[in-house]
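**Q**
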Amino acid sequence: MLLAGASVGLVAVYLLVTFLQVWLASRQNQARPVQAIIVLGAAQYNGVPSPDLQARLDHALILWQAGLAPLVVVTGGKEPGDVFTEATAGANYLASKGVPQSDILREVQGRNTWASLSSAATILKAMHITRVLLVSDPFHDERISLIAKQVGLTPYVSPTRTSPIRGVAVLPYFAKETIEVAVGRIVGFGRLTRILDVRMQLPGGGG
Numbered sequence: 004m005l006l007a008g009a010s011v012g013l014v015a016v017y018l019l020v021t022f023l024q025v026w027l028a029s030r031q032n033q034a035r036p037v038q039a040i041i042v043l044g045a046a047q048y049n050g051v052p053s054p055d056l057q058a059r060l061d062h063a064l065i066l067w068q069a070g071l072a073p074l075v076v077v078t079g080g081k082e083p084g085d086v087f088t089e090a091t092a093g094a095n096y097l098a099s100k101g102v103p104q105s106d107i108l109r110e111v112q113g114r115n116t117w118a119s120l121s122s123a124a125t126i127l128k129a130m131h132i133t134r135v136l137l138v139s140d141p142f143h144d145e146r147i148s149l150i151a152k153q154v155g156l157t158p159y160v161s162p163t164r165t166s167p168i169r170g171v172a173v174l175p176y177f178a179k180e181t182i183e184v185a186v187g188r189i190v191g192f193g194r195l196t197r198i199l200d201v202r203m204q205l206p207g208g209g210g
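Residue numbers 4 to 210, in the numbering used here, belong to the letters of the sequence shown in order.
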């Protein structure tokens, strides 16, 4: 019983420390000159960015306009039945705001954060680009930074502050990120993603 209690206590402390790391990362803005800006994908509706994706794109646009990077990488594939990928919706939105298509790279295969960043890293490293600014929601920053490092990038985070996900609505996202960071650091984020993908494919896995 003593050993079991100690184990539970250690897990609780580990999760608390991880939560604090996720929260502290969400407070940072490491905007600085880099080689490329990577925008993490979010939902799109028939080619129109969702409010969350638009908030990320608007922030990336500000960073690009400030001259912090010459390239913007938009990421994200599409769900079954979709016509547009998240990356295409993002690229079209940025182009409508004045970003030349030559300054936009599209990662159109990723269906999750690991896949999107891994694929984006492959594209960028072929161009000898590794220093990047990651743009997403604040609660996402610790995990995307760790994943980016695992796939060979040198990441800095600059989250949007205009996301529609705010107030008490953000709490489940922090909880999810805390668990995924805690587990991902132990088993690896690629392996964790594969485990979660298998679970989702099992009967009742999405419940």
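In this text, a Cβ means the ideal position worked out from N, Cα and C, and glycines have one as well.
Express the C-alpha separation of L195 and G207 in angstroms, rounding to a whole number.
**A** Here G207 scores only 42 on pLDDT, less than 50, and its place in the model should not be relied on; the value that follows carries that caveat. Cα-Cα distance, rounded: 19 angstroms.
**Q** Which residue's Cα is closest to the Cα of P73: R30, V102, R164 and G93?
**A** Per the Cα distances, V102.
**Q** Give me the residue from P36, V51 and L56 with the minimum Cα distance to P141.
**A** Comparing Cα-Cα distances from P141 to each of P36, V51 and L56, the minimum goes to L56.
**Q** Would you call T157 buried or exposed, if buried means 16 or more other Cβ atoms sit within 10 Å of its Cβ?
**A** Exposed is the call here.
**Q** From T211 to G12, what distance separates their C-alpha atoms?
**A** The requested residue 211 does not occur in the structure, where the chain is confined to residues 4 to 210.
**Q** Return the CA-CA distance between L205 and A69, expressed in angstroms with no decimal places.
**A** The predicted position of L205 is uncertain, since its pLDDT is 44 and thus under 50; a value taken from the coordinates is nonetheless stated next. Rounded to whole angstroms, L205 to A69 spans 46 angstroms at the Cα level.
**Q** In chain order, what are the residue ranges of uninterrupted beta strand (DSSP E) at least 3 long that sit wholly in the stretch 36-116?
**A** 39-42, 75-78 and 107-110, all fully within the stretch 36-116.
**Q** Quick one: is G209 buried, meaning 16 or more other Cβ sit within 10 Å of its Cβ, or exposed?
**A** Reliability of the predicted coordinates at G209 is poor, the pLDDT of 40 falling under 50, and the value obtained from them is presented with this limitation in mind. G209 should be labelled exposed.
**Q** Buried or exposed: where does A28 fall if 16 or more other Cβ atoms within 10 Å of its Cβ makes it buried?
**A** The residue is buried, with at least 16 neighbouring Cβ atoms inside 10 Å.
**Q** Is there contact between the stretch 145-157 and the stretch 77-88, where contact requires at least three CB pairs shorter than 8 angstroms?
**A** As far as the Cβ criterion goes, the stretch 145-157 does not touch the stretch 77-88, which means the pair count is below three.
**Q** Cβ atoms of A92 and P52: under 9 angstroms apart, would you say?
**A** A contact, by the Cβ cut-off of 9 angstroms.
**Q** Determine the contact status of V190 and I40, defining contact as a CB-CB distance below 9 angstroms.
**A** No, these two residues do not count as a Cβ contact at 9 angstroms.
**Q** Using only the alpha-carbon positions, how far apart do V173 and H131 sit?
**A** Their Cα atoms are separated by approximately 36 angstroms.
**Q** Measure the Cβ-Cβ separation of V75 and L127 and say whether it is below 9 angstroms.
**A** The answer is no: Cβ separation not under 9 angstroms.
**Q** Going by Cα to Cα distance, which pick from Q47, D61, F192 and A63 is closest to P83?
**A** Among Q47, D61, F192 and A63, the Cα nearest to that of P83 belongs to Q47.
**Q** Let me confirm a value: G113 is counted as buried when at least 16 other C-beta atoms fall within 10 Å, else exposed. Which label applies?
**A** Buried, because 16 or more other Cβ atoms sit within 10 Å of the Cβ of G113.
**Q** Give the single residue among E180, S122 and Q31 whose Cα lies nearest to the Cα of Q153.
**A** Nearest option by C-alpha distance: S122.
**Q** May I ask you to report which of helix, strand or coil DSSP gives R134?
**A** If DSSP states are grouped into helix, strand and coil, R134 belongs with the strands.
**Q** Taking S160 as part of the beta strand (DSSP E), name the residues at either end of that continuous run.
**A** As written in the sequence, residue 160 is Val, which differs from the Ser given in the question. V160 -> beta strand (DSSP E) spans T157 to V160.
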